[in-house]
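Before any comments, here is the structure.
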Amino acid sequence: MKIKSLFLGSAAAVALSSGAMAADPIGVALDTCSLLGITGLTVSSDSNCLKFSGEVSYEFVYDLSYDAAGPDDDDDSSSEFGWEFTMEATADSDFGPAKAVVTLEQEDGLTTSDDVRITEAFVSIGDQTVITAGNTGSIANEDDDESFGYFEVGFADIDGRTFPGGEYNIGGHVIQVSHDVGNGVSVSVGLEHLEGANSGGNFGSLVGVVAADQDWGTAHFTVVADDVLRDGDGVSPWIVHTGATFNATDELKLRAAAWFEDNGTTNMWAVLGASEYTFDMFTLAVAAGAESAATERWWAELSGSADVTDGVSLTAAYMYDSVDNSVSDTYTQSFAAEMSADVSDNLTATFGVEHVITTVTGTSTDDTDISAELAWAPGGGYDASIGLTADTDGDDTRVTAEFSKAFE
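Going from the sequence shown to our numbering is simple: count from 1 and add 34.
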């Protein structure tokens, strides 16, 4: 009922404002939004601009796989919808724009009775210096940590990484301060995951970020110290995530990234180096990386793409991945090829094949996956696609249809 009332109230506000604009087209309905430079789907009063944005999506998957007993289409076929709706109220103040933001979301919906979550509810104020408090995402910067190539190999997210020691607790209930130093440099600090005080879990993560975005490229340094507000809980785990992308020339990009973690008992690290060179019609990407945690791993990737014609492009890639987990050694070789063609101005066809050879303690297996997709983007924020994926074993074959519409 609360969600229903919220939507009815929003609809009433839109209707009332529409009536006001129809009666007096030069009245105050757009003054506040125009003054604040806010565009999109908005409703205005004499002091606040209320902006609406969101997206509705639907996905249908029909499983054509076979198992030992025959077709198993009932196992993995699915029909799911999702939506999100954001309301952002902004007003002017002596300290800069004052905002209140609420986002409602329902993901992977199977029925209309599935729970609707409030994924964001926070207030912020400021322009050059912004103070944020409430429930929202983390200020942690995790950019510049992926290869440029087809496989886009990179580090795991800070709050969902594959390294041992549990997840880092960032975002959620936060108090954050971000300051724009100028010339593309910003400094941010925040206390995050403060909801741990309510549950007896990890309480308070201290997050600090320095970032730069200038003509030469982008760079950042992020540090997170977990569970800093709970007394008598031993060593607080901490992590450093840093990366930089350099525009060496108009054609050449260079990237370096590093990750270090100390969870109180074990030190872990990961590094990455990547480059991308763009010729007239061809782009070549090379990358390599290594990490040391519960496993020792190193990998290397080489990929290239070419624009054959104005609407047709080809991509080929190879990756070698070596993992040693002290029990067995695993070596994986991945070969991939993809072709993308513009059928029309808003219709794109993509065909791909990937062959993977996996060797574990001297025994090799291989698998080939093929994919085909037709994507339609007619404009207006609407996107639709239908695709087929299949493998040589026949145990992962499916047709997927997706539809979405974004608005703001």
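Glycine included, every Cβ here is placed at the ideal spot set by N, Cα and C.
When you compare each of the options to residue i by their alpha carbons, which one comes out closest?
i, options, result
"Asp344", "Phe369, Val187 and Met315", "Met315"
"Thr426", "Ser419, Val387 and Thr395", "Val387"
"Ser337", "Phe369, Val361, Val157 and Asp355", "Phe369"
"Ser111", "Val223, Asp296, Ser99 and Tyr311", "Ser99"
"Gly230", "Val243, Gln248, Ser356 and Asp260", "Asp260"
"Gly218", "Asn232, Ser233, Gly234 and Ala246", "Ala246"
"Ser438", "Leu381, Trp410 and Gln248", "Trp410"
"Trp303", "Asp403, Ala328, Ile209 and Ser233", "Ala328"
"Gln140", "Val157, Glu114, Ala123 and Phe156", "Glu114"
"Thr364", "Tyr352, Val342, Arg331 and Val346", "Arg331"
"Trp333", "Ala123, Glu180 and Ile209", "Glu180"
"Leu138", "Leu225, Asp149, Phe129 and Glu176", "Asp149"
"Asp341", "Thr163, Thr434, Thr299 and Phe313", "Phe313"
"Gly421", "Gly415, Gly428 and Arg432", "Arg432"
"Asp214", "Leu286, Val361, Thr393 and Thr163", "Thr163"
"Asp21", "Ser356, His227 and Ile159", "There is no way to answer for residue 21, as the model of the chain reaches only from 35 to 442."
"Gly224", "His207, Gly130 and Ala440", "His207"
"Leu288", "Ala321, Val305 and Val274", "Ala321"
"Val357", "Thr392, Phe156, Glu93 and His227", "Thr392"
Would a C-beta distance cut-off of 8 Å place residue i and residue j closer than the cut-off?
i, j, result
"Ala350", "Ala375", "no"
"Gly171", "Gly205", "yes"
"Ile152", "Ser212", "no"
"Leu75", "Asp126", "no"
"Glu118", "Val136", "no"
"Asp296", "Pro271", "yes"
"Asp400", "Val390", "yes"
"Met373", "Phe185", "no"
"Thr120", "Ala132", "no"
"Thr423", "Asp403", "yes"
"Thr66", "Ser87", "no"
"Gln210", "Ser222", "yes"
What number of angstroms, rounded off, separates the C-alpha of residue i from the C-alpha of residue j?
i, j, result
"Leu318", "Ser309", "8 Å"
"Asn281", "Phe294", "25 Å"
"Phe237", "Arg264", "6 Å"
"Ala406", "Glu436", "14 Å"
"Leu348", "Gly188", "23 Å"
"Gly242", "Ala253", "14 Å"
"Tyr311", "Asn359", "34 Å"
"Ile192", "Tyr202", "6 Å"
"Ala278", "Val244", "12 Å"
"Ala190", "Phe182", "16 Å"
"Lys85", "Thr73", "8 Å"
"Ile60", "Ala290", "Since pLDDT at Ile60 reaches only 41, below the 50 mark, its modelled position is unreliable, and the value read off the structure follows with that caveat. Cα-Cα distance, rounded: 54 Å."
"Thr418", "Glu89", "The amino acid occupying residue 418 in the given sequence is Ala; Thr does not appear at that position. Computed Cα separation, rounded: 13 Å."
"Ser326", "Thr366", "18 Å"
"Thr434", "Ser81", "46 Å"
"Leu240", "Thr283", "37 Å"
"Gly199", "Gly235", "Summary for Gly199: the model assigns pLDDT 44, below 50, so the residue's position carries little reliability; its value from the coordinates is reported in the next sentence. Between Gly199 and Gly235, the C-alpha separation is close to 15 Å."
"Ala292", "Thr256", "11 Å"
"Thr300", "Ile273", "12 Å"
For residue i, name the three-state secondary structure that DSSP assigns.
i, result
"Ile204", "coil"
"Ala409", "strand"
"Ala328", "coil"
"Asp314", "coil"
"Ile152", "strand"
"Ser233", "helix"
"Thr66", "helix"
"Asp142", "strand"
"Ile173", "coil"
"Ile391", "strand"
"Ile192", "helix"
"Asp107", "Because Asp107 sits at a pLDDT of 45, beneath the cut-off of 50, its placement in the model cannot be relied upon, and the point is left open."
"Thr283", "coil"
"His275", "strand"
"Ile159", "strand"
"Tyr416", "strand"
"Gly323", "strand"
"Met250", "Position check: residue 250 holds Trp in this sequence, whereas Met was assumed. Coil at Trp250, not helix or strand."
"Asn380", "coil"
"Phe441", "strand"
"Val262", "coil"
"Asn82", "strand"
Give a yes or no on whether 8 Å exceeds the smallest Cβ distance from residue i to chain B.
i, result
"Ala278", "You won't find chain B in this structure, because it holds only one protein chain."
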